[in-house]
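Structure first, commentary second.
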Amino acid sequence: DSRVMQKEQREEMLEYLLSQPISGKQQEMMASACKVEQISKEARKNLWEKLSQYSVPSESISSIIHALIQSKVMQKKQREEMLSYLLSCPLSTKQMKECILKAVEFSTNHKIFEFSKIFESYLNFQNAINNLTPWIDEERLEWKNGKETALKKVLFEGIIPQDALLDLICTEHICYLKDACIEFIDRKQLWLMMEELLFSEEYYCQFSCKEPYVLDCGTNIGLAIYYIKHYYPEAHIEGFEPWKTAFDCAVRNVERNGWKNVTIHHAAVGGKEDVMQLTVVAENSLAGSLAGRLDEMIERKHWEKSVENVKVVKLSDYINRPVNFLKMDIEGLENEVIEEIKEKLPNISQMFVEYHYGSSMKDNSLIEILKILSDAGFVYQISKSLSYTELTRKRPFAHVGKMVSELIWAVKK
Numbered sequence: 032d033s034r035v036m037q038k039e040q041r042e043e044m045l046e047y048l049l050s051q052p053i054s055g056k057q058q059e060m061m062a063s064a065c066k067v068e069q070i071s072k073e074a075r076k077n078l079w080e081k082l083s084q085y086s087v088p089s090e091s092i093s094s095i096i097h098a099l100i101q102s103k104v105m106q107k108k109q110r111e112e113m114l115s116y117l118l119s120c121p122l123s124t125k126q127m128k129e130c131i132l133k134a135v136e137f138s139t140n141h142k143i144f145e146f147s148k149i150f151e152s153y154l155n156f157q158n159a160i161n162n163l164t165p166w167i168d169e170e171r172l173e174w175k176n177g178k179e180t181a182l183k184k185v186l187f188e189g190i191i192p193q194d195a196l197l198d199l200i201c202t203e204h205i206c207y208l209k210d211a212c213i214e215f216i217d218r219k220q221l222w223l224m225m226e227e228l229l230f231s232e233e234y235y236c237q238f239s240c241k242e243p244y245v246l247d248c249g250t251n252i253g254l255a256i257y258y259i260k261h262y263y264p265e266a267h268i269e270g271f272e273p274w275k276t277a278f279d280c281a282v283r284n285v286e287r288n289g290w291k292n293v294t295i296h297h298a299a300v301g302g303k304e305d306v307m308q309l310t311v312v313a314e315n316s317l318a319g320s321l322a323g324r325l326d327e328m329i330e331r332k333h334w335e336k337s338v339e340n341v342k343v344v345k346l347s348d349y350i351n352r353p354v355n356f357l358k359m360d361i362e363g364l365e366n367e368v369i370e371e372i373k374e375k376l377p378n379i380s381q382m383f384v385e386y387h388y389g390s391s392m393k394d395n396s397l398i399e400i401l402k403i404l405s406d407a408g409f410v411y412q413i414s415k416s417l418s419y420t421e422l423t424r425k426r427p428f429a430h431v432g433k434m435v436s437e438l439i440w441a442v443k444k
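Residue numbers (the numbering used here): 32 to 444.
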């Protein structure tokens, strides 16, 4: 805090201090030194680098962050710069988590909101790391050596966490997961699928056999096949995908990864055999629809759409044996397909149905679907999809009667 020493003298003394062994209490004193405006950015950086070499108790780390937040002599930009640097230092996850939670609480209680974006970015990054880790080959060099750089991109460059992490596990249109290389169509939708299928494990269910029979309606690029094969390598899977681009991608993924006992049909499932028009938009590669589900969104957001004729098959033709798991994500035809397979439901043990509703799809009745399932002896649970949860988090009444995406998990009693 000296006001009589010249800048060069202070930095010379600081350099000497950094060369000496220090105790835990001295670490906090050094942290306080970082608040002082009268030392250069480089000197402050050296100080933090020195601190990061020690095993610092979480209480001390918390004190360091509190010192930064409360500093009256550092400019806002300097404080944010130093906080970002501290968060990028290789401190243990447990220590950092405890310290960040305390700092967030402190900042909120004292109405200091300027750091909220930095804290949020850091926590989102760590959560994404934790979610990805079980599905990544941790010996992959890009992943093993790149996480620290990715964190710095998030904190210093404003890169969103999922983009920084996808850079470590993706090249071009290939994503390198544990025991598989998955081709994808676009990164934004890839991350959403990973959140739903891998992180939340929406399709997780247990089978009594090693070779379950699975029907995957709405295969898209085949990430659900990867997920099922991860737990049941010998599973027999029939997939259905009407969109040619996604169908071709899924077929390549099956071949690339050598998945056995997998057949993917270039077709949609519906209430009857037919040829129908599939609407696809580039902005959402997961939501191609035969039922006009996208019409209101296309109109509201002025999206460009493309249309292709696709073959429609009856799902009942593929339920001539016990089905351990039926997954259905078919963008609006759920009601008519459930009605069409009604007589075959005794053959099905577990189901996942993503239900869709919109102003142009009023015939897709959730009540009718649930009645059919209940009459067939299923118990069920319903929840909003992840994307719909985000959309309706605020003012949910404003979305009533508009586009809906609900999830149904059903199990035979």
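Beta carbons are placed, not taken as given, at the ideal position from N, Cα and C, and that holds for glycine.
What are the boundary residues of the beta strand (DSSP E) that residue i is part of?
i, result
"C280", "It is not in any beta strand (DSSP E) - C280 instead sits in the alpha helix (DSSP H) that spans K275 to N288."
"D305", "D305 to V312"
"E214", "A211 to E214"
Does the beta-carbon distance from residue i to residue j come in below 8 Å?
i, j, result
"G249", "E227", "no"
"L357", "L246", "yes"
"E371", "G432", "no"
"H387", "S436", "yes"
"V285", "I252", "no"
"T420", "H430", "no"
"A281", "E242", "no"
"H296", "V344", "yes"
"Q381", "C236", "yes"
"S212", "N288", "First, the amino acid is wrong: residue 212 is Cys here, not Ser. Against a cut-off of 8 Å, the Cβ pair of N288 and C212 comes out as a contact."
"W274", "V311", "yes"
"E385", "L438", "yes"
"I200", "I167", "yes"
"L229", "V300", "no"
"L196", "A159", "yes"
"A466", "V341", "Coverage of the chain is limited to positions 32 through 444, which leaves residue 466 absent and any answer about it impossible."
"R171", "E214", "no"
What is the DSSP secondary structure of residue i, reduced to helix, strand or coil?
i, result
"S89", "Confidence at S89 is low in this model, with a pLDDT of 49, below 50, so its placement is unreliable and the value that follows should be read with caution. Helix at S89."
"Q40", "helix"
"E203", "coil"
"A299", "strand"
"T294", "strand"
"K433", "coil"
"L182", "helix"
"G363", "coil"
"E416", "Before going further, note that residue 416 is Ser rather than Glu in the sequence given. Coil."
"Y263", "coil"
"K375", "helix"
"R424", "coil"
"E170", "coil"
"P165", "helix"
On the DSSP bridge assignment, give the partners of residue i in chain order.
i, result
"S337", "V311"
"Q381", "V442"
"V245", "I268 and F356"
"Y411", "A441"
"K345", "G301"
"F208", "Strictly speaking, residue 208 in this sequence is Leu, with Phe absent from that position. BP columns for L208 point to A211."
"Y386", "E437"
Between which two residues does the alpha helix (DSSP H) holding residue i run?
i, result
"E233", "Premise fails: E233 is in no alpha helix (DSSP H) and is neither H nor E."
"I350", "Element bounds for I350: n/a, residue is neither H nor E."
"E227", "Per DSSP, E227 belongs to no alpha helix (DSSP H) and is neither H nor E."
"S396", "It is not in any alpha helix (DSSP H) - S396 carries neither H nor E in the DSSP assignment."
Within the 8 Å Cβ cut-off, does residue i reach chain B?
i, result
"V354", "The displayed structure is made up of one protein chain only, and chain B is not part of it."
The segment 339-353 touching the segment 369-379, judged by at least three CB pairs closer than 8 Å: yes
Any 3 or more C-beta pairs closer than 8 Å across the segment 191-205 and the segment 147-158: yes
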